[in-house]
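**Q** Please find one structure pasted underneath; my questions will follow.
Protein chains in written order, with the working numbering: chain A, 10 to 434; chain B, 10 to 434.
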């Protein structure tokens, strides 16, 4: 067995086929995927995933927030399993790879171990986390956050989507409210493979990103209250909420750009109350997403944005409510697990570099309670959260191979020590 | 009868009571009215109006677009009737006076003539025009526009609301698709009383605005196509549709302000496609409303706005479709009818001034085919298209009295010449 290990490779065709087969659950005409968490499409892909895991010899457990844990037993089932996986939900107009790659690559790792007849020391636990995207229910990475103790389960179960449906109701509706207490299943380590969702690897022609850090994230909800008036109102008498919003959008862009590349900021949602073509907007709700890998810069961004908003409110004679709804500090991944990923990349001969994750991931939540790291592969033009999201079969396979060998290193294969053991710090 | 005429006054209490009684059809908790055209609430107020007109001895006719014509016969029913009236539909969060005052003051004029036993030479025709507001179906002032020949009836009947319901279906649903051909009913003149919807009369402490001109109106539909990306995308790689929109909103404000007080411009509707908190907006639809009383300035505004949008598209690397969906030239009301309004104001001893209407009105459409003018009364703080819209009982009564005496002058009361005859030019 030890001789086979260095050359062991996943089945790239099989992985590629799985990615395209599951993309049909919520597939869009433009080649993307619309699979909101806990929707009917999510139910279908979950059923597919459970069947595939069981066919691969795993026992599938579901926790109280619907996260799925497929266990491949090891030689010593008293050891905490080594977690791999990601998520199967998508953005409203998402792509085929975000989350899906890491989850199905985990399945492919298990199938590859089965095909090669390899038993690991520790079990392997393949995870599909509920609601990574946060498009239907806030916050994003909800289930991994609860797993890590950031939220209570009751709190999360009561969160509502825009139609007033709660997480609990949605779980019941698709039959995925499991019995396992959230956070009970201990993991020895966790490795998540994901597309980069940024342009760096592609531009530098690198195959693997060894993710050593994740950006901190600030989410805000804002509400501007000006005054609804007829569109014939003279310019000088207006308190136009949309004009104030426009100034906020441009100010926030300036503030983030001043800290580039250590900061990004986005206003992603804007809703005018009672919009009408011939009415000056009187009230607008908006959301904001601000990110940085550096905690000091996050503090500065928060302060600069609040100050800019206060100035705009005064200048434009509008009231602006602006409150933080979520704050996630930057993630510093576990050095030993990062090293396992880096060594696997090197051993497999892939070009690689250390990288920072711009997006939030379930791995960022997990890192607080489980030694964790991530593997990135390039995606076309850095495009994600878009139906045009794309990645090559070769890069997906490379990422899955790094996942395979990092997991083997972390789980251990024999007592003889021919697979390096990583001790999470 | 001639002796009574100079002192004839409408019943201010009755008018005030009618305004508040009808405000219950679609009344909002904040004291405004939500009575979208051809809605259930509109059906209720139309029934109330028809019953009141019939009780006042009028015969009520309904045309193929639902506009209602209540005829009070004159001495010579071969003469074209003198039109008075306005509209009973409101904005989604509108007030109690916009449109309602002019329509119910017309009813009050007829009741006052009845009470005084006055027969006019020409008949009086009280009109409730369908869909002045344009909030549910575009364009605004739809029925008066069709009356004036700006649109075909088939075109208007096929217009859809945001749920895909056509005007024809909505008319049938409330039972107000009438049999009278649109535009068939000839009018000798038309006078519309309305709240100013601007601050000038209140600031100058004038009771009556003698409206001599109406602003020209340009309506545009715009669509910005950038690129949807994950909110972690570095600032320099973005093609953010919302940032482009923000620049447009501020540019258009600058352009209109540069021509103030001869121009106003408003972006009233903004819809992000597939909005998500952590996605850079890729596509945005918006509408724009631009107004000026001067045709040369309208041409300059159109040119400046198009030029600014082209610059922003290039700078922000987005595509921007921007098309004119409606263009109404400035209205120059009929000098003889304007004079009738002015003379009635003077005869009644009200302080008054000539004024330009910032808003579009059915009277602006009518003016192309019927000698027309308008009467304005102050509204509180110039606020309209808002639940806080307000006007005093005294000002409403003053406007109705001017309407009464202008209508008497235009319709003629006796052959003796003691009421001035206005000959529309």
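Don't be surprised by glycine CBs; every beta carbon is placed ideally from N, CA and C.
Report back the beta-carbon spacing between residue 137(B) and residue 94(B) to the nearest angstrom; my notes put them in contact at under 8 Å.
**A** Residue numbering aside, residue 137(B) sits at position 128 when the second chain is read from its first letter. Residue numbering aside, residue 94(B) sits at position 85 when the second chain is read from its first letter. Right, their Cβ atoms sit about 6 Å apart.
**Q** What separation, rounded to the nearest whole angstrom, lies between the Cα atoms of residue 270(A) and residue 67(A)?
**A** As a first step, residue 270(A) must be located in the first chain, where it is residue number 261. As a first step, residue 67(A) must be located in the first chain, where it is residue number 58. Straight-line Cα distance between these residues: approximately 43 Å.
**Q** Could you confirm whether any beta carbon from chain A is found closer than 9 Å to the beta carbon of residue 77(B)?
**A** Here the question's residue 77(B) lines up with position 68 in the second chain. No, its Cβ sits nowhere closer than 9 Å to a Cβ of chain A.
**Q** Between which two residues does the beta strand (DSSP E) carrying residue 144(B) extend?
**A** Taking the second chain and counting its residues from 1, one reaches residue 144(B) at position 135. Taken as a continuous stretch (DSSP letters only), residue 144(B) belongs to no beta strand (DSSP E), as it is neither H nor E.
**Q** Can you check which of these residues, 190(A), 287(A), 106(A), is closest to residue 30(A) by C-alpha distance?
**A** Here residue 30(A) is taken as the residue at index 21 of the first chain, counted from 1. The option with the nearest alpha carbon to residue 30(A) is 106(A).
**Q** DSSP on residue 402(B), reduced to helix/strand/coil?
**A** The residue given as residue 402(B) occupies position 393 in the second chain. Of the three classes helix, strand and coil, the one that applies to residue 402(B) here is helix, per DSSP.
**Q** Beta-carbon within less than 6 Å of residue 243(B)'s beta-carbon, same chain only, minus the 5 sequence neighbours each way: which residues are those?
**A** One-based indexing of the second chain puts residue 243(B) at position 234. Same-chain partners within the cutoff: there are none.
**Q** In chain order, what residues of the same chain lie with their CB nearer than 7 Å to the CB of residue 289(B), ignoring the 5 residues before and after it?
**A** Locating residue 289(B) in the second chain gives position 280, counting from the first residue. Excluding positions up to five away in sequence, the list reads 237, 238, 240, 242, 247, 249.
**Q** Consider the C-beta atom of residue 328(A) and the heavy atoms of the ligand HEM; say whether any pair is separated by less than 8 Å.
**A** Among the components of this structure there are no ligands whatsoever, and the ligand HEM is therefore not found.
**Q** Just to confirm my understanding: we take residue 46(A), look at its own chain, exclude 5 residues before and 5 after, and list those with CB closer than 7 Å. What are they?
**A** Counting from 1 along the first chain, the entry for residue 46(A) is found at position 37. Within the same chain, residue 46(A) has close Cβ partners 98, 139, 140, 142, 145, 146.
**Q** Residue 29(A) lies in the alpha helix (DSSP H); which residues open and close that run?
**A** By 1-based counting over the first chain, the position of residue 29(A) is 20. Element bounds for residue 29(A): 21-31.
**Q** Closest by CA to residue 196(A), which one among 89(A), 168(A), 258(A)?
**A** Indexing the first chain from 1 puts residue 196(A) at position 187. Comparing Cα-Cα distances from residue 196(A) to each of 89(A), 168(A), 258(A), the minimum goes to 89(A).
**Q** Output the distance between the C-alpha atoms of residue 409(B) and residue 385(B), rounded to the nearest integer angstrom.
**A** Looking up residue 409(B) in the second chain gives position 400. Looking up residue 385(B) in the second chain gives position 376. If I take the Cα positions, the gap works out to 10 Å.
**Q** Taking the straight line between their C-alpha atoms, what separation do you get for residue 306(A) and residue 312(A)?
**A** Numbered from its first residue, the first chain carries residue 306(A) at position 297. Numbered from its first residue, the first chain carries residue 312(A) at position 303. The alpha-carbon atoms of residue 306(A) and residue 312(A) are separated by roughly 10 Å.
**Q** On the DSSP bridge assignment, give the partners of residue 412(A) in chain order.
**A** Here residue 412(A) is taken as the residue at index 403 of the first chain, counted from 1. Answer is none; residue 412(A) lacks a bridge partner.
**Q** Less than 9 Å between the beta carbons of residue 302(B) and residue 222(B), yes or no?
**A** Position 293 of the second chain, counting from 1, holds the residue named residue 302(B). Position 213 of the second chain, counting from 1, holds the residue named residue 222(B). Contact: yes.
**Q** Could you check whether residue 282(A) and residue 274(A) sit closer than 9 Å to each other, using their CB atoms as the reference points?
**A** Numbered from its first residue, the first chain carries residue 274(A) at position 265. Numbered from its first residue, the first chain carries residue 282(A) at position 273. It is not a contact, given that the beta carbons lie outside the stated cut-off.
**Q** For residue 360(A), does the three-state DSSP call read helix, strand or coil?
**A** For the purposes of this step, residue 360(A) is taken as residue 351 along the first chain, with counting starting at 1. Looking at residue 360(A) - three-state DSSP - the assignment turns out to be coil, as it is neither helix nor strand.
**Q** If you run the structure through DSSP and keep just helix, strand and coil, what is residue 100(B)?
**A** The residue you call residue 100(B) lines up with position 91 of the second chain. Residue 100(B): coil per DSSP, three-state reduction.
**Q** Return the first residue and the last residue of the beta strand (DSSP E) that residue 58(B) is part of.
**A** As a first step, residue 58(B) is located in the second chain; it is residue number 49 there, counting from the start. Where residue 58(B) is concerned, there is no enclosing beta strand (DSSP E), although the alpha helix (DSSP H) it sits in stretches over 49-64.
**Q** Kindly indicate the opening and closing residues of the alpha helix (DSSP H) around residue 312(B).
**A** As a first step, residue 312(B) must be located in the second chain, where it is residue number 303. Residue 312(B) -> alpha helix (DSSP H) spans 304-325.
**Q** Compare the C-alpha of residue 229(A) against each of 216(A), 42(A), 261(A) and name the closest.
**A** Position 220 of the first chain, counted from the first residue, corresponds to residue 229(A). Measuring from the Cα of residue 229(A), the nearest candidate turns out to be 261(A).
**Q** Please classify residue 212(A) as buried or exposed, where buried requires at least 16 other C-beta atoms within 10 Å of its C-beta.
**A** One-based indexing of the first chain puts residue 212(A) at position 203. That one is exposed.
**Q** Excluding the 5 residues preceding and the 5 following residue 434(A) in the sequence, name in chain order all residues of the same chain whose CB lies nearer than 8 Å to its CB.
**A** For this step, residue 434(A) is matched to residue 425 along the first chain. Confidence is the limiting factor: at residue 434(A) the pLDDT is only 42, short of 50, which leaves the residue's position unreliable and the question unanswerable from this model.
**Q** Give a yes or no on whether the C-beta atoms belonging to residue 58(B) and residue 134(B) are separated by under 9 Å.
**A** Position 49 of the second chain holds residue 58(B). Position 125 of the second chain holds residue 134(B). Not closer than 9 Å, so no.
**Q** Looking at C-alpha atoms only, which residue of 332(A), 112(A), 160(A) is the closest neighbour of residue 24(A)?
**A** In the first chain, counting from the first residue as 1, residue 24(A) sits at position 15. Per the Cα distances, 112(A).
**Q** To the nearest angstrom, report how far apart residue 18(A) and residue 411(A) are at their CA atoms.
**A** Within the first chain, the letter at position 9 stands for residue 18(A). Within the first chain, the letter at position 402 stands for residue 411(A). Rounded to whole angstroms, residue 18(A) to residue 411(A) spans 9 Å at the Cα level.
**Q** For a minimum of 4 consecutive residues, which ranges assigned as the alpha helix (DSSP H) are wholly contained in the stretch 151-222 of chain A?
**A** Listed in chain order, they are 151-156, 162-167, 176-183, 209-213.
**Q** For residue 236(B) and chain A, any beta-carbon pair shorter than 9 Å?
**A** Along the second chain, one-based indexing puts residue 236(B) at 227. So yes, residue 236(B) belongs to the interface.
**Q** Excluding the 5 residues flanking residue 184(A) on each side, which residues of the same chain have their C-beta closer than 8 Å to its C-beta?
**A** The residue you call residue 184(A) lines up with position 175 of the first chain. The residues are 52.
**Q** Within 10 Å of its beta-carbon, does residue 42(B) have 16 or more other beta-carbons around it, so buried, or fewer, so exposed?
**A** Here the question's residue 42(B) lines up with position 33 in the second chain. When all chains shown are included, residue 42(B) counts as buried.
**Q** Give the residues from the stretch 204-235 of chain A that approach chain B closer than 7 Å (Cβ to any Cβ), ordered along the chain.
**A** Of all residues in the stretch 204-235 of chain A, 206, 207, 208, 224, 228 have a Cβ within less than 7 Å of some Cβ in chain B.
**Q** Under 8 Å by Cβ, that's how I've got residue 203(B) and residue 110(B) pegged, so tell me the actual separation to the nearest angstrom.
**A** Indexing the second chain from 1 puts residue 203(B) at position 194. Indexing the second chain from 1 puts residue 110(B) at position 101. That pair is a contact at about 7 Å.
**Q** Across which residues does DSSP place residue 229(A) in a beta bridge pair?
**A** Numbered from 1 along the first chain, position 220 holds the residue referred to as residue 229(A). According to DSSP, which records beta bridges pairwise, residue 229(A) is partnered with 297(A), 333(A).
**Q** Is any beta-carbon of chain A found at less than 9 Å from that of residue 244(B)?
**A** Sequence index remark: in the second chain, residue 244(B) carries index 235 (1-based). True, the Cβ-Cβ gap to chain A drops below 9 Å.
**Q** Can the beta-carbon of residue 300(B) be found less than 9 Å from the beta-carbon of residue 210(B)?
**A** The residue given as residue 300(B) occupies position 291 in the second chain. The residue given as residue 210(B) occupies position 201 in the second chain. Contact flag unset, no.
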